[in-house]
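Same order as they appear, the protein sequences are chains A and B.
My numbering puts the first residue of the first sequence at 172, with every later residue one more than the last.
My numbering puts the first residue of the second sequence at 368, with every later residue one more than the last.
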Amino acid sequence: MMNFLMLSCKKATELIEKKSLFKLTLAEKVQLRMHISVCDACKDFEKQSGMLDTAIRYHYVKRDASEVPQTENKPLKKKIISKLK
Amino acid sequence: MREVLFFDQKSISLCYSNCLESSKMESKRTSEIIKDWVELYSDNLYSWALYKTSSKETAEDLVQETFLAAVQSFDKFEAKSNPKTWLFAILNNKIGDFFRTSFRSPIEDNQGILDRMFDKDSHWRADEKPQEWTNDAENLLDNSEFLITLNDCMHRLPENWRVAIHLKFLEEKKGELICQELQITPTNFWQILHRSKLQLRKCLEMNWFNE
């Protein structure tokens, strides 16, 4: 029983990552909550992990195409037009 | 009777050559329209693809494929919709395909980051224990310097890990679906994500949060 409840920090941080994309099983949920309630380091990690996800999502995904630095590429334009003939 | 038959054949052959002519005209018109789109949008598309893939060659290939695909499926384009939006949708599909094919499974046997962070009992090493970040963590997204650091740290990750992170967020798909398309198990996938998160976090901590 103790083993079941005593998650290692490595396992706990794995579950934190898993949770961001997959459903945890009930046992995993309980284990993770128990661990976080006694482990400040993993509690901070969970918070920071969520912040990083938000930043990545914003930076790489949700950003609008018009906001990214614009680069002109004339040779590419020419190349495509010649292929369309 | 013979006359009717003759007439029929003639009209069939007439129609055939007409149709051929009009389809030729049609395709000529299509390529003219697409050429205009190349002039108007290829730089926008290229900039976006470059931003997403960080590779000049890849971005060029993807934009070129986008226009070729646009020619082929031009009949699916509805005149009412915005060509730029349509082209971006094609390009984004191509970017998704690019990340899916560049993801190589199985997972590399890279224990490095785990050993660096955790001791033999799988608990945090004393000097790696997460603590509250000292540097201001508020309003991160408005901070362009932070975004540059994030970008640098993303690019220091092993390629496959970076690709995994892209796939996690790219199309906001359910985890199971992403894994199905990559033909790997969910466990495999979130273990890669776990390692990349640890490494990315470490990099940002050194270069930003606790600088």
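Positions of the beta carbon are idealized from the N, C-alpha and C atoms, including for glycine.
Exercise. Ile-551 (chain B) lies in the alpha helix (DSSP H); which residues open and close that run?
Worked result: Position 184 of the second sequence holds residue 551 (chain B). That residue, Ile-551 (chain B), is in no alpha helix (DSSP H); it is neither H nor E in DSSP.
Problem set entry | Outcome for His-522 (chain B) when other beta-carbon atoms lying within 10 angstroms are tallied against a minimum of 16 | Working through the second sequence from its first residue, we reach residue 522 (chain B) at position 155. With fewer than 16 Cβ atoms within 10 Å of its Cβ, His-522 (chain B) is classed as exposed.
For this session: Have a look at B:Asn-449, B:Leu-544, B:Cys-520 and B:Leu-458 and flag the residue whose alpha-carbon is nearest the alpha-carbon of Leu-412 (chain B).
Result: If you number the second sequence from 1, residue 412 (chain B) lands on position 45. The option with the nearest alpha carbon to Leu-412 (chain B) is B:Leu-458.
Exercise. Would Ser-220 (chain A) pass as a contact of Ile-187 (chain A) if the rule is Cβ separation under 7 Å?
Worked result: For the purposes of this step, residue 220 (chain A) is identified with residue 49 of the first sequence, where counting begins at 1. For the purposes of this step, residue 187 (chain A) is identified with residue 16 of the first sequence, where counting begins at 1. Going by C-beta atoms, Ser-220 (chain A) is nearer than 7 Å to Ile-187 (chain A).
Exercise. What did DSSP end up calling Phe-444 (chain B) once you bin it into helix, strand or coil?
Worked result: Here residue 444 (chain B) is taken as the residue at index 77 of the second sequence, counted from 1. Coil.
Problem set entry | Which of helix, strand or coil DSSP assigns to Phe-485 (chain B) | Here the question's residue 485 (chain B) lines up with position 118 in the second sequence. It is a strand residue.
Exercise. So Ala-226 (chain A) is in the alpha helix (DSSP H); what residue range does that whole segment cover?
Worked result: Working through the first sequence from its first residue, we reach residue 226 (chain A) at position 55. 211-227 is the extent of the alpha helix (DSSP H) around Ala-226 (chain A).
Exercise. Is the distance from the Cβ of Val-239 (chain A) to the Cβ of Ser-414 (chain B) below 7 Å?
Worked result: Start at 1 with the first residue of the first sequence, and residue 239 (chain A) comes out as number 68. Start at 1 with the first residue of the second sequence, and residue 414 (chain B) comes out as number 47. Going by C-beta atoms, Val-239 (chain A) is nearer than 7 Å to Ser-414 (chain B).
For this session: Return the chain-ordered list of same chain residues with a C-beta closer than 6 Å to the C-beta of His-533 (chain B), the five sequence neighbours on each side being excluded.
Result: Position 166 of the second sequence holds residue 533 (chain B). Around His-533 (chain B): Phe-466.
Exercise. Ile-332 (chain B) CB to nearest chain A CB: under 7 Å?
Worked result: Limits of chain B in this structure are 368 at one end and 578 at the other, which puts residue 332 (chain B) out of reach.
Exercise. With a cut-off of 7 Å, does the C-beta of Val-530 (chain B) fall near any C-beta of chain A?
Worked result: Numbered from its first residue, the second sequence carries residue 530 (chain B) at position 163. With a threshold of 7 Å between beta carbons, Val-530 (chain B) makes no contact with chain A.
For this session: State yes or no: is the beta carbon of His-230 (chain A) nearer than 7 Å to at least one beta carbon in chain B?
Result: Position 59 of the first sequence, counted from the first residue, corresponds to residue 230 (chain A). By this cut-off, His-230 (chain A) is an interface position.
For this session: Under 9 Å between beta-carbons, which chain A residues line up against Leu-537 (chain B)? List them in chain order, please.
Result: The residue you call residue 537 (chain B) lines up with position 170 of the second sequence. Correct list: Tyr-231 and Val-232.
For this session: Can you give me, in chain order, the residues of the region 458-471 of chain B that have a beta carbon less than 8 Å from any beta carbon in chain A?
Result: none
Exercise. Just curious, the alpha helix (DSSP H) that Trp-360 (chain B) is in, first and last residue?
Worked result: Only positions 368 to 578 of chain B appear in the structure, and residue 360 (chain B) is not among them; the question remains open.
For this session: Would you please verify whether the beta carbon of His-522 (chain B) is less than 7 Å from any beta carbon of chain A?
Result: Mapped onto the second sequence, residue 522 (chain B) falls at position 155. Not an interface residue.
Problem set entry | Backbone CA spacing between Arg-483 (chain B) and Ser-440 (chain B) [nearest angstrom] | Taking the second sequence and counting its residues from 1, the one referred to as residue 483 (chain B) is at position 116. Taking the second sequence and counting its residues from 1, the one referred to as residue 440 (chain B) is at position 73. Their Cα atoms are separated by approximately 51 Å.
Exercise. If you drop the 5 nearest sequence neighbours on each side, which residues of the same chain put their C-beta closer than 6 Å to that of Phe-556 (chain B)?
Worked result: As a working mapping, residue 556 (chain B) is identified with position 189 in the second sequence. Excluding residues up to 5 positions away in sequence, Cys-546 lie with their Cβ nearer than 6 Å to the Cβ of Phe-556 (chain B) in the same chain.
Problem set entry | Amino acids of chain A, ordered along the chain, whose beta-carbon sits closer than 8 Å to that of Gly-542 (chain B) | Taking the second sequence and counting its residues from 1, one reaches residue 542 (chain B) at position 175. The contacting residues are Leu-192 and Phe-193.
Exercise. Quick one: which chain B residues come within Cβ less than 7 Å of Glu-243 (chain A)?
Worked result: Start at 1 with the first residue of the first sequence, and residue 243 (chain A) comes out as number 72. Under the 7 Å cutoff, chain B gives Asp-410.
Exercise. Just how far apart, CA to CA, sit Pro-553 (chain B) and Lys-496 (chain B)?
Worked result: Numbered from its first residue, the second sequence carries residue 553 (chain B) at position 186. Numbered from its first residue, the second sequence carries residue 496 (chain B) at position 129. Each residue's alpha carbon lies about 27 Å from the other.
Exercise. Any Cβ of chain A within less than 7 Å of the Cβ of Thr-444 (chain B)?
Worked result: As a working mapping, residue 444 (chain B) is identified with position 77 in the second sequence. Going by the sequence as given, residue 444 (chain B) is Phe instead of Thr. No, its Cβ sits nowhere closer than 7 Å to a Cβ of chain A.
Problem set entry | Contact belief for Leu-567 (chain B) with Leu-524 (chain B) at Cβ below 8 Å, rounded distance in angstroms | In the second sequence, counting from the first residue as 1, residue 567 (chain B) sits at position 200. In the second sequence, counting from the first residue as 1, residue 524 (chain B) sits at position 157. The pair is a contact, with the Cβ atoms about 6 Å apart (cut-off 8 Å).
For this session: Flag Trp-557 (chain B) as yes if its beta-carbon sits less than 7 Å from any beta-carbon of chain E, otherwise no.
Result: No chain E appears in the structure shown, which is made up of the protein chains A and B.
Exercise. What span of residues does the alpha helix (DSSP H) with Arg-585 (chain B) cover, start to end?
Worked result: No information on residue 585 (chain B) is available, as it lies outside the stretch 368 to 578 that chain B covers here.
Problem set entry | Residue from B:Ile-401, B:Ser-448 and B:Asn-527 with nearest C-alpha to Thr-468 (chain B) | Indexing the second sequence from 1 puts residue 468 (chain B) at position 101. Out of B:Ile-401, B:Ser-448 and B:Asn-527, B:Asn-527 has the C-alpha closest to the C-alpha of Thr-468 (chain B).
Exercise. Which residue from A:Glu-217, A:Asp-224 and A:Ala-198 puts its Cα closest to that of Gln-498 (chain B)?
Worked result: Counting from one through the second sequence, the residue named residue 498 (chain B) turns up at place 131. If we check each option's Cα against that of Gln-498 (chain B), A:Glu-217 comes out closest.
Exercise. Any beta-carbon of chain A closer than 7 Å to the one on Gln-431 (chain B)?
Worked result: Within the second sequence, numbered from 1, the residue matching residue 431 (chain B) stands at position 64. Answer yes: the Cβ-Cβ gap between Gln-431 (chain B) and chain A drops below 7 Å somewhere.
Exercise. Does the distance from the C-beta atom of Ala-437 (chain B) to that of Ile-462 (chain B) stay below 7 Å?
Worked result: As a working note, residue 437 (chain B) is residue 70 in the second sequence. As a working note, residue 462 (chain B) is residue 95 in the second sequence. Cβ atoms of Ala-437 (chain B) and Ile-462 (chain B): not closer than 7 Å.
Problem set entry | Environment of Asn-244 (chain A) [buried if 16+ CB atoms lie within 10 Å] | For the purposes of this step, residue 244 (chain A) is identified with residue 73 of the first sequence, where counting begins at 1. By the neighbour-count criterion, in which 16 or more other beta carbons inside 10 Å mark a residue as buried, Asn-244 (chain A) falls on the buried side.
Problem set entry | Nearest candidate by alpha-carbon position, reference Cys-180 (chain A), set B:Asp-519, B:Ser-489 and B:Glu-543 | The sequence position of residue 180 (chain A) within the first sequence is 9, counting from 1. It is B:Ser-489 whose Cα lies nearest to the Cα of Cys-180 (chain A).
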